[in-house]
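The next block holds one structure in the form of structure tokens; read it before the comments.
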Amino acid sequence: MFTEVKVNSTRIAISLEYDGSRYRGWQAQKHDARVVQTEVEKALSKIADGTVSVTCAGRTDSGVHASSQICHFDTVVSRDPYNWVMGVNTQLPKDISMSWARQVNPEFHARFGALSRQYVYLIRVSSFRSALMHKSVTITHKQLDPQLMAEAGRYLIGTHDFSAYRSAQCQAKTSVRTLSRLSLHQHDGLIAVHVEANGFLQNMVRNIIGVLSAVGAGEAPASWAKQVLESKDRTEGGVTAPPHGLYFLGPTYDERFGLPETVRIPQIARDILRTDPLECVA
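Read in order, the letters of the sequence shown correspond to residues 664 to 945 in my numbering.
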């Protein structure tokens, strides 16, 4: 299931943080689009004095941010972890940075070895647009009721077929996922939706936010979230929420790999996620 390390190669795990505002997502595309993966591989290749290909834990979409994107790559070059971090960061653009590097067991795989993945979505309720926050949160003029959103969210916790909550272009072989956490927090004009699952489908989080926001605005009852889920039809759902309020917090792995921190809360979300959540208990 996992890729094998080439003879004489070492497998390195790294953690990346990036502002996705200027990028067309993580994954390299056929067209000459600006993507995070290309920038990371170029920087690593310079420090490794050879071509480096990386595998990530979660392929973020266009405009989505990450506070702890975990990747792995194989190399025949010997570098101290500190030197990997310092060297690569000199080659990366200012909106991408490496937090740590660690030599790992060849069995480690950033994508297939992830036990769960976490995201947070940030919404600011305001009558005015913000010139400073428009790339880091989603701003809405609608008054949202977080309690109603939490009530709707409880229908989504558990193992379900999330066909109605994925993009029409999603190519995942199965649309069944286990959503283990969906909690809402409110603080200082912000609403945060914190989710965790064994995996996410393309646009799944943003489509969930679209439904919860409609419920929070009083445009639909909380039970609509369940109705959409059971329809297994994307056209039954609401609009897809904008990407700039979404942050990939990182994946979790088996402790035997001995990794440093793999899930990290971005500074903008730390205060709100410290508040007591309106738990969505199934």
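Where is the CB? At the ideal position from N, CA and C, for every residue including glycine.
Using a threshold of 8 Å, state whether the C-beta atoms of residue i and residue j are closer than that.
| i | j | result |
| --- | --- | --- |
| N861 | T841 | yes |
| A813 | L785 | no |
| Y828 | K889 | no |
| G908 | V926 | no |
| A764 | W747 | yes |
| Q692 | R722 | no |
| A815 | R897 | no |
| K798 | S684 | yes |
| Q700 | F911 | no |
| V751 | A696 | no |
| V800 | L853 | yes |
| L936 | V727 | no |
Output the distance between the C-alpha atoms of residue i and residue j, rounded to the nearest integer angstrom.
| i | j | result |
| --- | --- | --- |
| P905 | N671 | 44 Å |
| S678 | L941 | 30 Å |
| I931 | V856 | 13 Å |
| M664 | R774 | Confidence at M664 is low in this model, with a pLDDT of 44, below 50, so its placement is unreliable and the value that follows should be read with caution. Using only the alpha carbons, I get a separation of about 11 Å. |
| P923 | K709 | 25 Å |
| A835 | Y686 | 22 Å |
| A729 | V839 | 24 Å |
| W887 | A676 | 41 Å |
| D724 | S826 | 18 Å |
| M749 | D743 | 10 Å |
| V891 | M867 | 13 Å |
| P809 | G776 | 34 Å |
| V715 | Q754 | 14 Å |
| E704 | G879 | 41 Å |
| M796 | G688 | 20 Å |
| G921 | I928 | 20 Å |
| R933 | G881 | 28 Å |
| M761 | Y745 | 10 Å |
| V698 | E918 | 31 Å |
Excluding sequence positions up to five away, which residues of its chain have a Cβ less than 8 Å from the Cβ of residue i?
| i | result |
| --- | --- |
| R674 | V668, H735, F736, D737, Q766, V767, N768, P769 and F771 |
| S876 | I786, T803, K805, L807, M812, G901 and A904 |
| G873 | G900, G901, V902, T903 and A904 |
| S741 | T673 |
| G713 | T738, V739 and V740 |
| T718 | T666, C734, H735, F736, H772, A773 and R774 |
Grab the span of the alpha helix (DSSP H) containing residue i for me, first residue to last.
| i | result |
| --- | --- |
| L936 | Q930 to L936 |
| T753 | P744 to Q754 |
| G873 | M867 to G879 |
| S894 | W887 to S894 |
Suppose the cutoff is 6 Å on Cβ atoms and the five residues either side in sequence are ignored; what does the same chain contact list for residue i look like?
| i | result |
| --- | --- |
| I759 | Y681 and E702 |
| E859 | S779, Q781, S843 and R844 |
| T938 | H848 and H850 |
| A794 | none |
| S789 | I802 |
| A883 | A877 |
| C833 | L864 and Q865 |
From the DSSP output, in three-state form, read off residue i for me.
| i | result |
| --- | --- |
| I733 | strand |
| A706 | helix |
| H850 | strand |
| W763 | strand |
| A835 | coil |
| I820 | coil |
| E680 | strand |
| A794 | coil |
| L811 | helix |
| S725 | coil |
| T903 | coil |
| A711 | helix |
Beta-carbon within less than 7 Å of residue i's beta-carbon, same chain only, minus the 5 sequence neighbours each way: which residues are those?
| i | result |
| --- | --- |
| D824 | S838, V839 and K895 |
| R792 | I802 |
| Y916 | G776, A777, L778, L922 and T925 |
| T822 | V839 and T841 |
| A711 | T738 and V740 |
| A885 | L811, E814, A815 and V878 |
| E893 | none |
By the DSSP assignment, the beta strand (DSSP E) with residue i in it spans what residues?
| i | result |
| --- | --- |
| P914 | L909 to T915 |
| Q781 | S779 to V788 |
| T801 | T801 to T803 |
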